[in-house]
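**Student:** Numbering (this note's numbering), first residue to last: 1074 to 1649. We treat Cβ as the ideally placed atom computed from N, Cα and C, and that holds for glycine.
#1: Looking only at C-alpha atoms, which of 1291, 1249, 1233 sits nearest to residue 1258?
#2: Could you pull out every residue in the same chain whose Cβ sits closer than 8 Å to the Cβ of residue 1506, ignoring the five residues on either side in sequence?
#3: What residues in its chain sit with their C-beta under 6 Å from that of residue 1470, if we drop five residues either side in the sequence?
#4: Assuming the contact rule is C-beta atoms closer than 8 Å, residue 1449 and residue 1492 should be a hit. Round their C-beta distance to whole Å, please.
#5: Enumerate, from N- to C-terminal direction, the unbroken beta strand (DSSP E) stretches of 3 or more residues contained entirely within the region 1528-1563.
#6: Does the region 1419-1437 come within contact of the region 1634-1643, defined as at least 3 CB pairs closer than 8 Å?
#7: Keeping to the same chain, check which residues put their C-beta closer than 6 Å to that of residue 1364; ignore five residues upstream and five downstream.
#8: Should residue 1465 and residue 1353 be called a contact, given that it needs their Cβ atoms to be closer than 8 Å?
#9: To the nearest angstrom, how far is the alpha carbon of residue 1654 from that of residue 1565?
#10: Could you please give the first and the last residue of the uninterrupted beta strand (DSSP E) stretch that includes residue 1050?
#11: Go to residue 1636, then tell me how far its beta strand (DSSP E) extends in each direction, as first and last residue.
#12: Whole angstroms are fine: how far does the CA of residue 1324 sit from the CA of residue 1375?
#13: Provide the residue span of the alpha helix (DSSP H) that contains residue 1494, from first to last.
#14: Of the residues 1627, 1614, 1631, which one's Cα is nearest the Cα of residue 1648?
#15: Under 6 Å Cβ to Cβ from residue 1612, same chain only, skipping five residues before and after it: list those, please.
#16: Indicate whether residue 1223 and residue 1123 have their beta-carbon atoms separated by less than 8 Å.
#17: Within the same chain, show all residues whose beta-carbon is closer than 6 Å to that of residue 1580, passing over the 5 residues directly before and after it, in chain order.
#18: Helix, strand or coil, according to DSSP, for residue 1153 in the structure here?
#19: Do residue 1525 and residue 1573 have their beta-carbon atoms positioned less than 8 Å apart in this structure?
#20: Could you work out which residue in 1079, 1255, 1175, 1582 is closest to residue 1229 when comparing CA atoms only?
#21: Quick one: complete alpha helix (DSSP H) runs, 4+ long, within the region 1319-1373?
#22: So if DSSP puts residue 1123 in a beta bridge, which residue, or which two residues, is it bridged to?
#23: Taking C-beta to C-beta, are residue 1594 and residue 1550 nearer than 8 Å?
#24: For residue 1356, collect the residues of the same chain with a Cβ closer than 7 Å to its Cβ; drop the 5 residues on either side in sequence, then sort them by chain order.
#25: Buried or exposed for residue 1270, going by 16 or more other Cβ atoms inside 10 Å?
#26: In chain order, which alpha helix (DSSP H) runs of at least 4 residues are fully inside the region 1610-1635?
#27: Using the C-alpha atoms, what's the distance from residue 1321 back to residue 1205?
#28: Taking 6 Å as the limit between beta carbons, can you name the residues of its chain near residue 1467, skipping five residues before and five after?
#29: From this set, 1417, 1406, 1456, which residue's C-alpha is nearest residue 1428's C-alpha?
#30: Figure out for me which residue from 1490, 1452, 1606, 1499 has the closest Cα to the Cα of residue 1422.
#31: Comparing alpha-carbon positions, which option in 1597, 1590, 1138 lies nearest residue 1603?
#32: Determine the extent of the alpha helix (DSSP H) in which residue 1230 is found, giving its start and end residues.
#33: Excluding five sequence neighbours on each side, which residues of the same chain lie with their C-beta closer than 6 Å to the C-beta of residue 1499?
#34: Helix, strand or coil: which one does DSSP assign to residue 1598?
#35: Please report the distance separating the alpha-carbon of residue 1232 from that of residue 1303.
Here it is as structure tokens:
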């Protein structure tokens, strides 16, 4: 039941001298009764909290169930509000308290703030647009309708079914930690809304098959928590119905425009599809496609006309390109034949003289183009006299190759008469001046080598100096030019062709090369004589074949295999 009491503090000015406390209680179904409760405050025992706490805090307070005691009443079923009053001198005069059965709390739900929060949530957070009409909610999802109230200690004190649960927050921590966290935040004054699954194991009265939106709000005046819930389906149902209606309306609105677009786009896409098919055929190599009919004068018509024109031009271009390719292939075939002929003119068998173990000899020739202007040659003019020749014709390509063939023939013919090297070069110069283009010339190095003695006499006609090396890794330049270049002047204006001589000791070697090695370029930097000397020293201990191949490979790599000039190398070493 509910009741009211007033208790005076004894000794208050103008108040009673003895303790006085009167209470009135009304039990449903009976008349109100009045009781004397002065024994509760007479000082013979502990005074109740409803009397001492308002006096101490000097303000009205709410008492949790269990803190308000009346004789014959279950203390867990009443809550009370106790307010102090004061005498004229502001001394404590007593309290006035009103008690209320916790079961009556279920009737105090006239649009509480938490329900307003849920209604605001429906229009603000769970839909893209506000609902078009009012949405009706049950005030609670519990079986009999209602809500629950939790006191400051975490005990559930009010439930529609009269159920009481002690320490609900601790119980929630093991069942749904996020619910327990929300309740603790609400105790600090911060309302919270959470979505939960099954609550029947936590709070009796919930449907097992439902998920809920649980709202927890603090009651500031009491420090209690107000908790209610709305089924998720009931909260989302109106929104889903609105969205479904909007979707149907949007679908009906789109059907007619989509149909119109489909018809119009089909009309415009058909010629584009035809063009796409023709493009596909052309991409597969079919240039004999039929022209596309031009039926309109709009952009598609102009595109079609341009495509037909492009196809015709492409067909003509491919035809011309095919003819050019055939002509180029013919030229390249002739160049390959010319290169083969030129290669046949050079010594190809290595080692060239396997029956002469007293020396090692090797040479390589790499043209910058299909055919080269450089050449080398060696042959015995007598049993103990080997003629060595390396030459570089000015220019590149076919003119240089032709002059190279002529020069080689002249050298072989003149040297066969037994003339010394200087006279051979002199005769060759005279004949080339008479019969060759004035703008072309030849640098050459001609040497006579005696395998039995290692004696080597030479003529250097404007050619790069040779390199002398041995197996110890020593290398130095020698045999510098001692005569003019060949094919420029035949009357001795540039000076005579002089002869030089050196002797190769066993293990010594001589390297002859054209300027394609030292003048190889990478950007603005030449390969140079110093790099060549270093490479010779590094490979001097090997045979002549290894040395020649290594030098040709190194120079090719230096130019990234893009030779700017012919590369020719000849090496001879005395072995015994």
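**Tutor:** Working from what's here:
#1: With distances taken between CA atoms, residue 1258 lies nearest to 1291 out of 1291, 1249, 1233.
#2: Cβ neighbours of residue 1506 beyond the five flanking positions: 1560, 1561, 1562, 1563.
#3: Taking residue 1470 as the centre and dropping the five residues before and after it, the same chain places the C-beta of 1442 closer than 6 Å to its C-beta, in chain order.
#4: At roughly 20 Å, the Cβ-Cβ gap does not stay under 8 Å, so residue 1449 and residue 1492 are not in contact.
#5: Taking only runs of at least 3 residues, the beta strand (DSSP E) segments lying wholly in the region 1528-1563 are 1528-1534, 1539-1542, 1548-1551.
#6: Result yes; three or more Cβ-Cβ pairs closer than 8 Å.
#7: Hits under 6 Å: 1381.
#8: It is not a contact, given that the beta carbons lie outside the stated cut-off.
#9: Beyond the ends of the chain as shown, which are 1074 and 1649, falls residue 1654; an answer cannot be given.
#10: No answer is possible for residue 1050: the residues shown for the chain start at 1074 and end at 1649.
#11: Per DSSP, residue 1636 belongs to no beta strand (DSSP E) and is neither H nor E.
#12: Going by the C-alpha atoms only, they are around 37 Å apart.
#13: Annotation for residue 1494: the continuous alpha helix (DSSP H) segment containing it runs 1494-1508.
#14: If we check each option's Cα against that of residue 1648, 1614 comes out closest.
#15: For residue 1612, where only same-chain residues beyond five positions count, the Cβ hits under 6 Å are 1620, 1623.
#16: Contact: no.
#17: Result list for residue 1580: 1543, 1544, in chain order.
#18: Looking at residue 1153 - three-state DSSP - the assignment turns out to be strand.
#19: Contact: no.
#20: Ranking 1079, 1255, 1175, 1582 by Cα distance to residue 1229 puts 1175 first.
#21: When DSSP assignments are scanned along the region 1319-1373, no uninterrupted stretch of alpha helix (DSSP H) that is 4 or more residues long falls wholly within it.
#22: Paired residue(s): none; residue 1123 is not in a bridge.
#23: In this structure, residue 1550 does not lie closer than 8 Å to residue 1594 by Cβ.
#24: Here the set comprises nothing.
#25: Around the beta carbon of residue 1270, fewer than 16 other beta carbons lie within 10 angstroms, which makes this residue exposed.
#26: You should have 1617-1631.
#27: Only weak support exists for where residue 1205 lies, its pLDDT of 39 falling under 50; the value from the coordinates is given anyway. Looking at the two C-alpha atoms, the distance is approximately 16 Å.
#28: Only 1513, 1514 meet the Cβ criterion.
#29: Each of 1417, 1406, 1456 was checked against the Cα of residue 1428, and the nearest Cα belongs to 1456.
#30: The residue from 1490, 1452, 1606, 1499 with its alpha-carbon nearest to that of residue 1422 is 1452.
#31: Nearest of 1597, 1590, 1138 to residue 1603, Cα basis: 1590.
#32: Here residue 1230 belongs to no alpha helix (DSSP H); instead the beta strand (DSSP E) covers 1229-1231.
#33: 1570, listed in sequence order.
#34: Strand.
#35: So the two alpha carbons sit approximately 16 Å from each other.
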